[in-house]
Structures are given as structure tokens and as C-alpha cells.
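Asks: Sequence order for the protein chains is C and W. For the first sequence, the positions run 1 to 130 when my numbering is used. For the second sequence, the positions run 131 to 586 when my numbering is used. For every residue, glycine included, the Cβ atom is placed at its ideal position computed from N, Cα and C. Source: prediction; values computed, not measured. Questions regarding the structure given below will be posed in turn.
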Amino acid sequence: MARPEADLVIVRLRDLAAARSGDKGSSANIGVIARSPAIFSFLVGWLTPQRVLEYFRPLGPTGIQSHIFTKLEAINFTLEGVLAGGGSRSLRIDAQGKTLGQALLEMEVDLPVPLADTLLPERHGVHRHE
Amino acid sequence: MKSHIKIGNAQGFWGDIIDAPARLLSSQPDLDYLTLDYLAEVSLSIMAVQRDQDPRLGYARDFLSVIGALAPHWRSGRKFRVVTNAGGLNPKACAEACAEALRKGGCAGLKIGLVTGDDVLPLMKNPGPLAPHFRHWETKEELATVADRLTTGHAYIGAAPVAEALALGADIVLTGRVADPSLAVAPCLHEFGWSPTDYDRIAQATIAGHLIECGTQVTGGIMTDWLNLDHATDLGFPIVEVAHDGDVVVTKPYGTGGTVSLMTVKEQFLYEMASSEVYLSPDAMVHLDEIEFHPAGDDRVRMAGAHGKAPTDFYKVSATYRDGFTASAMLTIVGHRAVDKARRTGAIILERVRRAGFELARANVECLGAGDVVPGVLRGPDPASLVEVVLRVTVADPQKEAVDRFVKEVAPMVTGGAPGTTGYAGGRAKVRPVFGYWPCLVPRDQVQATVEIVEA
């Protein structure tokens, strides 16, 4: 994938954070935990509720709430109505939203090289796009 | 009075590792309390089906085997107490069966504290002026839309009656629906004599209970970095050490697998947590924003900063109602154009049900392996390149006959469908009743918990 901005590094959210998801009725929550304080500062501005909602748009969420846990360097998202009826009614194999955390961690994150060097000082095997 | 107590949780759900309770006791000789959490949101509806078949059932029968495994520890004179919601929707029957199991295990004389009063189904069936409280918590629908199909309705009561049972000398406290963290709060109330309005300490104990309620999910289970986890075969079950002043340390028995780290504890803290600064429990309204976790040694994480205020005037209620029938069938499809073959197979199965005269209310065809688990979000390799995929077809209908017909249309695809169809060794899919979930509220003053002691 060639990009006009030459000095961007594409990483995945999993390089920056851990995540866990579960159900709340027909909604699901995803807790995202930054892997460092610097990453947390970046994610607070970048991983917005709008971005997360857009990412999961194909599942038909009706809304999103988020709460930032500054002391835990974590953000908790609740995707409303995302489970197509929820644990007991949904016909999906993942009726309880157990996999949504893993799905979110596959999100691509475009980082300018200097920022990538700051956030991921020990990064290996991440390709720089020329 | 003890300066601190150790509370371990050895069942995170109904179906968790069956020998975990006995092993947790063996690996942690100074454990004071063992909590066992059997109830998820719709567990009680499964128990309702069992009770329909036999009025002596309707609780977590797994617990009876646990009692057998714990008996040698009691016989040896060890002091520990068990707090569990294994009573499900029939705690009385569970208590009788437990007493019998204890006697068989040579533990006659042990006391079972029975906590009841969480069942609000009779109230929901004749709500009168309470009807507005019973509106669906999310959708605001009136209860009347499902009232004739209600099967269970239980309030999440708090720690107070459980602590009362402990004060009466119960060795085992058996409850129905009690808020999960309250199983851990109750021993603290009892041991430390906290006032019911000591909300900050109760808040600490509540979050401690929340952290261990799903068993090994806080000791390495499902953690993001799980592939890097050593000794994942034998994860230790979690323990919280709670001090009189509300200090909390999360840990696990020495020598067990898994890990308790800042990351496992943070991940589990956020599990099934609403996106809010408060966590509502029947014992306290917990304010979360000041919570901190700090390393406190190997496999030890200290938690501080939970603050509490008075709980609301309502209990949360989990009710369930009959919502027709469902079945889910899987076939494995292999070879060239596996995804095309799988999707066509799914369409044919559904069409054959239609031609047999049944219009299924709902149906879903998934090609597992081809990006259908989180459809449209998580894409793997180009589906056209796949040479094997699992087809999963799931249907739901108010009419059982329609779903019965569906499960009969799957096997014929092994001989009359796509080449490379296999994986039918499990036999015909099972038709199951669906229970819709109906969360709502009930005013506290409408619920009266009662405590009695049953001697084994």
C-alpha cells in the first residue's frame, strides 16, 4: 500500500495496546489498555469514540459511549446494540462479543516515523513505507 | 478480629474446571473463604428448564461434586467457609442435596446458610403500580409484551444477608441470585464488622470481588499476550487478600500457572464494565476514577482508590422469558471455491426448510474462517483463496416444528451437496428453547431476603 505521506509507519493497535471485550445485554464493551504512558497520551486523542464506532459500523451499532481511565491508562468503549439481540437471542457465533477486543486490536494505526520511534522504541519488523 | 482475610474464587461460571475448588484449597493452606460463582445472565433460565422436568432440580448440580471433593478438607479439621450462588432458582432443594452430600462425605453437623428472597417473579407477574420499574432497562419496552412468557425474575441482592448467614455460623452459604462481587464483600462485612455505610471499604471489597468473579480471567486466561504466557495449562485460580482497612491485593497460589500482573488485572477490571465512572452494586455505588493498581511482588497487584457512596434505592433484576426455539448446525467444506460451496449449501438448507412449509422467523449463515465472525470488520485472506471453511447455519422460530425440520435438512447435504463436505460426526443438531433476557429494576423495599440455617 503506497501512501502519499512518505514517512508513515503502519502498525496495528495490538502493538500499542491490550484489549478485552464482553457483553452487556445487547451491547458490548471493549476495554483498551495502553502499553505505556506515552501510548496512552497518543490514544486518548487518536482512538476516538467516532473512530471505534466507524470501525464496527458493519455490525450495526446504534451508538457508542466511552470513558477514559487516566490512572489506568485505559479507555473503555461501550458499543450499543452491537450484538444483534445479545447473548440469548443473537444468531451470531459470537453472540457475547468475546472477539470484539481482538477485532479492534487489528485496527491499522498510521504513525509518523518520529512518533513511532517514540511510542515503540523497540519496534521490529514494522515496515516503513517509502 | 483478623487483620486480613484471603478469599479465593474457584468457579467463574457454571461449567468451570470441576476440581478447581479442591485444588485451590490444597494449594493455599491459609485460605479463609472460597467463593464459587455459577450464575451468568441466563443461567437461571436453563435451570428453569431443568426444574420443569424435575421439581427437585433448578440449581448448579456441579456443586454437589465440589462438596464431595471438599469433604476431606473439612474432615481434616481445616477451617474455611464457602460462599456460592449455586442455589440458582431452587436454593432450598440445593441445600437439601448439599446436606445429603455432606453427610455422605462424613461432614455431618456442618451448617448451611440458606439465603432466599431474590425471586421476584411473582411480583413481576402481578406488578400493579410497580409496572413502570419492570420496563426493559435498555429498550424501555413494557413488561406486558412478554409477561405471559416470563420464566424467571430474580433481583441481584447484596452482601448483607450473606454476612448474616456467616454470623449465624454457616460453613457454606448458599444463595440464588446475589450480585457477583457481593460473594466477596460478605466475608469482609462479617470478619471486619464494617458498617453497611462504610462505603469506601465496601467499594474496595466490591472491586476485589469483581476482579476474581470470572476465575482465571484475572490470572492469565484470555489475556491479550496469552501466547507469551508460561504454564497456561494449569492457571491458578485467583485470591484477594482484603485487609480490615480495605487494602486489597490480588494474587494466586504459589506454584500455580499463569500470572497476576498489572495487565491481567487491568484487563479484567474493564471486563463487562459499563463506560462510566461508576459501578453499581447493591452494596455501594462505586466510583472508579481514582482506582490504581501497583505491583506488590511476584504475582501480586495492589488495588487502591475505589470510593463508595450509598447504593441506589433499586435492585437490578435479571428476568428471562420464552422466546421460541433455536438450533445451530455446522458442516466443514473443503476444496476449490470452499466459501462459494459453503454459502450455497447454507442457502439450500434454508430453502429446503421453506419448501417443507416452514418460513423461519430468523436465520443466519456464517462461513467461519472467511471473515464472518466479526462480519465486515475483521477480514483475513481473500475468501476466494480459502480451501477449507466451516459452515454454520443458525435459525430461530417461535414454532418448534420449524426448527425441528431445519435440523433434519443438514445431514442430507453430506451426500446431496457440495463435494468436500464433511464434519457431521456430531450428529443432528439439538433444538433448544430460546430465553430472552429482560433486565429491569425493582425497588429495594419490595425485596425481603431471608436467612435460615440447615444442618447437615
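So if I threshold CB-CB distances at 7 Å, which residues from the stretch 70 to 91 of chain C count as touching chain W?
Replies: Lys-71, Leu-72, Ala-74, Asn-76, Phe-77, Thr-78, Gly-86, Gly-87, Ser-88, Arg-89, Leu-91
Asks: Quick one: is W:Thr-354 near chain C, going by C-beta distance under 8 Å?
Replies: Looking up residue 354 of chain W in the second sequence gives position 224. Taking Cβ atoms only, chain C reaches closer than 8 Å to W:Thr-354, which makes this a yes.
Asks: With 8 Å as the limit, tell me which residues of the stretch 373 to 400 of chain W have their beta carbon closer than that to any beta carbon of chain C; keep them in chain order.
Replies: Met-393, Lys-396, Glu-397, Gln-398, Phe-399, Leu-400
Asks: As an exercise, report each continuous beta strand (DSSP E) stretch of at least 3 residues that is fully enclosed by the stretch 309 to 394 of chain W, in chain order.
Replies: 369 to 373, 378 to 381
Asks: Closer than 9 Å between beta carbons: that is the criterion. Which residues of the stretch 169 to 188 of chain W meet it against chain C?
Replies: Ala-170, Glu-171, Val-172, Ser-175: these are the residues of the stretch 169 to 188 of chain W whose beta carbon lies less than 9 Å from some beta carbon of chain C, given in chain order.
Asks: Which term fits W:Tyr-409, buried or exposed, when burial requires 16 or more other beta carbons within 10 angstroms of its beta carbon?
Replies: Counting from one through the second sequence, the residue named residue 409 of chain W turns up at place 279. Burial call: buried.
Asks: Closest to W:Val-533 by CA distance: which of W:Leu-490, W:Val-503, W:Gly-547, W:Leu-169 is it?
Replies: Here residue 533 of chain W refers to the residue found at position 403 of the second sequence. Among W:Leu-490, W:Val-503, W:Gly-547, W:Leu-169, the Cα nearest to that of W:Val-533 is on W:Leu-490.
Asks: Closer than 7 Å between beta carbons: that is the criterion. Which residues of the stretch 33 to 58 of chain C meet it against chain W?
Replies: Cβ contacts with chain W: Ile-33, Tyr-55, Phe-56, Pro-58.
Asks: In chain W, which residues lie with their C-beta within 7 Å of the C-beta of C:Leu-100?
Replies: Counting from 1 along the first sequence, the entry for residue 100 of chain C is found at position 100. Neighbours of C:Leu-100 on chain W, chain order: Val-504.
Asks: Going along the chain, which residues of the stretch 464 to 494 of chain W sit with their C-beta nearer than 8 Å to a C-beta in chain C?
Replies: Arg-492, Ala-493, Asn-494
Asks: Leaving out five residues before and five after W:Pro-513 in sequence, what residues of the same chain have Cβ atoms less than 7 Å from its Cβ?
Replies: Indexing the second sequence from 1 puts residue 513 of chain W at position 383. Closer than 7 Å at the Cβ level, and outside the excluded window around W:Pro-513, lie Val-469, Ala-500, Gly-501.
Asks: For a contact meaning CB atoms closer than 7 Å, what does C:Ile-93 contact in chain W?
Replies: Counting from 1 along the first sequence, the entry for residue 93 of chain C is found at position 93. Per Cβ cutoff of 7 Å: Glu-496, Leu-498, Val-503, Arg-522.
Asks: Would you say W:Phe-116 lies against chain C (beta-carbon separation less than 8 Å)?
Replies: Nothing about residue 116 of chain W can be read from this structure; chain W reaches only from 131 to 586.
Asks: Any beta carbon of chain W sitting closer than 8 Å to that of C:Glu-106?
Replies: Taking the first residue of the first sequence as position 1, residue 106 of chain C is located at position 106. Yes, C:Glu-106 counts as interfacial toward chain W.
Asks: Let me check understanding here. Comparing Cα to Cα, which of W:Val-507, W:Glu-582, W:Tyr-445, W:Pro-425 lies closest to W:Arg-308?
Replies: Counted from its first residue, the second sequence places residue 308 of chain W at position 178. First, the amino acid is wrong: residue 308 of chain W is Val here, not Arg. Of the listed residues, the one whose Cα sits closest to W:Val-308 is W:Tyr-445.
Asks: Applying the criterion that 16 or more other CB atoms from any shown protein chain within 10 Å of the CB defines a buried residue, is W:His-361 buried or exposed?
Replies: Here residue 361 of chain W refers to the residue found at position 231 when the second sequence is read from its first residue. That one is exposed.
Asks: Is the separation between the beta-carbon of W:Ser-175 and that of W:Thr-305 shorter than 8 Å?
Replies: Stepping through the second sequence from its first residue, residue 175 of chain W is reached at position 45. Stepping through the second sequence from its first residue, residue 305 of chain W is reached at position 175. With a cutoff of 8 Å on beta-carbon distance, W:Ser-175 and W:Thr-305 are scored as not near each other.
Asks: Between which two residues does the beta strand (DSSP E) harbouring W:His-424 extend?
Replies: Residue 424 of chain W sits at position 294 when you count from the first residue of the second sequence. Here the beta strand (DSSP E) through W:His-424 covers 422 to 425.
Asks: Near W:Arg-558, which residues of its chain fall below 6 Å by C-beta distance, leaving aside the five closest residues on each side in sequence?
Replies: Start at 1 with the first residue of the second sequence, and residue 558 of chain W comes out as number 428. So the qualifying residues of the chain are Val-537.
Asks: Determine, for C:Asp-12, whether the minimum Cβ-Cβ distance to residues of chain W falls below 8 Å.
Replies: Along the first sequence, read from residue 1 onward, the residue named residue 12 of chain C stands at position 12. Before going further, note that residue 12 of chain C is Arg rather than Asp in the sequence given. Interface with chain W (8 Å Cβ-Cβ cutoff): C:Arg-12 is excluded.
Asks: Thinking C-alpha only, which one of W:Leu-365, W:Ile-242, W:Ala-225, W:Met-415 is nearest W:Pro-311?
Replies: In the second sequence, the residue the question calls residue 311 of chain W occupies position 181. Looking at the Cα atoms, W:Met-415 is the closest of the given residues.
Asks: Give the residues of chain C in contact with W:Met-254, contact being defined as C-beta atoms less than 7 Å apart.
Replies: Taking the first residue of the second sequence as 1, we reach residue 254 of chain W at position 124. Correct list: empty, because the minimum Cβ distance to chain C is about 17 Å.
Asks: Please report the distance separating the alpha-carbon of W:Val-517 from that of W:Lys-471.
Replies: On the second sequence, position 387 is the one that residue 517 of chain W refers to. On the second sequence, position 341 is the one that residue 471 of chain W refers to. About 10 Å.
Asks: Whole-angstrom Cβ separation of W:Pro-368 and W:Gly-138, contact assumed at under 8 Å?
Replies: Numbered from 1 along the second sequence, position 238 holds the residue referred to as residue 368 of chain W. Numbered from 1 along the second sequence, position 8 holds the residue referred to as residue 138 of chain W. W:Pro-368 to W:Gly-138, Cβ: 7 Å. Contact.
Asks: If I follow the unbroken beta strand (DSSP E) through W:Val-507, where does it start and stop?
Replies: Within the second sequence, residue 507 of chain W is the residue found at index 377, counting from 1. No beta strand (DSSP E) holds W:Val-507; DSSP gives it neither H nor E.
Asks: What is the C-beta distance between W:Ile-421 and C:Lys-71, in whole angstroms, given that I count them as a contact (C-beta under 8 Å)?
Replies: Position 291 of the second sequence, counting from 1, holds the residue named residue 421 of chain W. Position 71 of the first sequence, counting from 1, holds the residue named residue 71 of chain C. That pair is a contact at about 7 Å.
Asks: Flag C:Gly-25 as yes if its beta-carbon sits less than 8 Å from any beta-carbon of chain B, otherwise no.
Replies: Going by chain labels, chain B is absent from the structure shown, which instead holds the protein chains C and W.
Asks: Would W:Gly-247 pass as a contact of W:Ile-302 if the rule is Cβ separation under 8 Å?
Replies: As a working mapping, residue 247 of chain W is identified with position 117 in the second sequence. As a working mapping, residue 302 of chain W is identified with position 172 in the second sequence. Cβ distance not < 8 Å, so W:Gly-247 and W:Ile-302 don't count as in contact.
Asks: Using a Cβ-Cβ distance under 8 Å, would W:Met-543 count as near chain C?
Replies: Within the second sequence, the letter at position 413 stands for residue 543 of chain W. W:Met-543 is outside the set of residues whose beta carbon lies under 8 Å from a beta carbon in chain C.
Asks: To test your reading of the DSSP string, which unbroken beta strand (DSSP E) runs of 3 or more residues are found completely within the stretch 79 to 125 of chain C?
Replies: 108 to 112
Asks: Of all Cβ atoms in chain W, is any one closer than 8 Å to the Cβ of C:Gly-63?
Replies: Looking up residue 63 of chain C in the first sequence gives position 63. Judged by the 8 Å Cβ criterion, C:Gly-63 is not in contact with chain W.
Asks: Which of the residues in the stretch 399 to 417 of chain W, read from start to end, lie with their CB under 8 Å from any CB of chain C?
Replies: Phe-399, Leu-400, Tyr-401, Glu-402, Met-403, Ala-404, Ser-405, Ser-406, Glu-407
Asks: 8 Å is my cut-off, CB to CB: does W:Glu-268 come that close to chain C?
Replies: What you label residue 268 of chain W is simply residue 138 of the second sequence in a count that begins at 1. Yes, because at least one Cβ of chain C sits closer than 8 Å to the Cβ of W:Glu-268.
Asks: On the CB-based measure, 16 or more other CB atoms within 10 Å of its CB, does W:Asn-358 come out buried or exposed?
Replies: In the second sequence, residue 358 of chain W corresponds to position 228, counting from 1. So W:Asn-358 counts as exposed.
Asks: To the nearest angstrom, how far is it from the Cα of W:Asp-330 to the Cα of W:Thr-214?
Replies: Residue mapping note: residue 330 of chain W aligns to position 200 of the second sequence, counting from 1. Residue mapping note: residue 214 of chain W aligns to position 84 of the second sequence, counting from 1. Distance between W:Asp-330 and W:Thr-214, taken at the CA atoms: about 24 Å.
Asks: Is the Cβ of W:Ala-436 closer than 8 Å to any Cβ of chain C?
Replies: Counting from one through the second sequence, the residue named residue 436 of chain W turns up at place 306. With 8 Å as the cut-off, W:Ala-436 does not count as an interface residue toward chain C.
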